[in-house]
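Worksheet for the structure shown next.
Numbering (this note's numbering), first residue to last: 13 to 196.
Now the structure itself:
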C-alpha cells in the first residue's frame with residue numbers, strides 16, 4: 013500500500029509542477045501565426061450607411077472602453093465599443109440585430125472609426141492585446157454571428173491611420189442551441 017501512495021504522490025507532484033510550468037510559459041508567449049510569408053488579408057469594417065456614433069449619445073447606450081497605448085508613444089488612447097440598444101432596468105434590451113461601432117479617441121479628442129456594422133443576431137467582443145517590445149498594443153475584435161465566427165486585429169497609428177487584418181474567419185453551423193451568440 014505504501015509504494016502505491018508514494019507513486020500517486022509523485023505523480024500528483026509532477027503534474028502540479030508541469031501545470032505551473034505550462035501556465036508560466038503561456039503567460040510569457042505571444043502566439044504568432046505562420047502565414048507562410050503571406051500577409052493576412054486586410055478588410056474595411058466600416059459600413060458607410062451607419063453614421064459615426066459616440067457612446068452614450070442618441071441611443072448608443074451599450075458601451076465598453078479601455079485605455080491603451082496603441083501608437084507606441086507612451087500616451088494611452090481610449091478605445092470604445094458601443095452598440096445602439098435601448099436599456100431596460102439597467103440592462104441592454106437586445107433586438108434581433110444592432111449596429112455596433114468601435115472607435116479610437118486620441119488625446120486631443122479626434123475619433124478614428126475601426127468598425128461600424130449591423131450584426132443580425134450577433135455580437136461583437138473587443139479586447140486589447142498586450143504590447144510587445146517595439147510593437148504597440150492592438151485592438152482585437154471577435155465577431156460572432158449564427159453562421160460565422162471572425163477574429164480581426166486592428167492597428168492604430170494615429171488619427172485616421174487604421175488598418176484591420178482578418179486573423180480568423182470560419183463558417184459555422186447556424187442550427188441548434190450552440191449557434192446563437194451569448195449577448196452581454
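Note that the Cβ used here is the ideal one computed from N, Cα and C, for glycine as well.
Keep in mind the model is a prediction, meaning the values are calculated, not measured.
For residue j and residue i, believed in contact at Cβ under 8 Å, the rounded distance
i, j, result
"residue 116", "residue 140", "Going by Cβ atoms, the distance from residue 116 to residue 140 rounds to 11 Å, so no, they are not a contact pair."
"residue 164", "residue 57", "7 Å"
"residue 53", "residue 124", "Not quite, the Cβ-Cβ distance comes to about 21 Å (not below 8 Å), so this is no contact."
"residue 126", "residue 166", "5 Å"
Neighbour-count burial assignment, residue i, 16 or more Cβ in a 10 Å radius
i, result
"residue 40", "At residue 40, the pLDDT of 40 sits below 50, so the modelled position is not reliable and the matter cannot be decided from this model."
"residue 150", "buried"
"residue 168", "buried"
"residue 174", "buried"
"residue 70", "exposed"
"residue 147", "exposed"
"residue 89", "buried"
"residue 99", "exposed"
"residue 176", "buried"
"residue 95", "buried"
Residue i: CB within 7 Å of a non-hydrogen atom of the ligand FMN
i, result
"residue 94", "Of ligands this structure carries none, so the ligand FMN is not represented either."
Collapsed DSSP secondary structure at residue i in the structure displayed
i, result
"residue 190", "helix"
"residue 174", "strand"
"residue 142", "coil"
"residue 106", "coil"
"residue 196", "coil"
"residue 56", "coil"
"residue 82", "coil"
"residue 34", "No answer about residue 34 holds up, because its pLDDT of 40 lies below 50 and its placement is not dependable."
Beta-carbon spacing of residue i, residue j below 8 Å
i, j, result
"residue 196", "residue 156", "no"
"residue 105", "residue 62", "no"
"residue 144", "residue 160", "no"
"residue 97", "residue 108", "no"
"residue 178", "residue 55", "yes"
How do the region 75-86 and the region 126-134 stand: do at least 3 beta-carbon pairs fall below 8 Å, yes or no? no
Do the region 96-114 and the region 58-70 touch if we need at least three Cβ pairs shorter than 8 Å? yes
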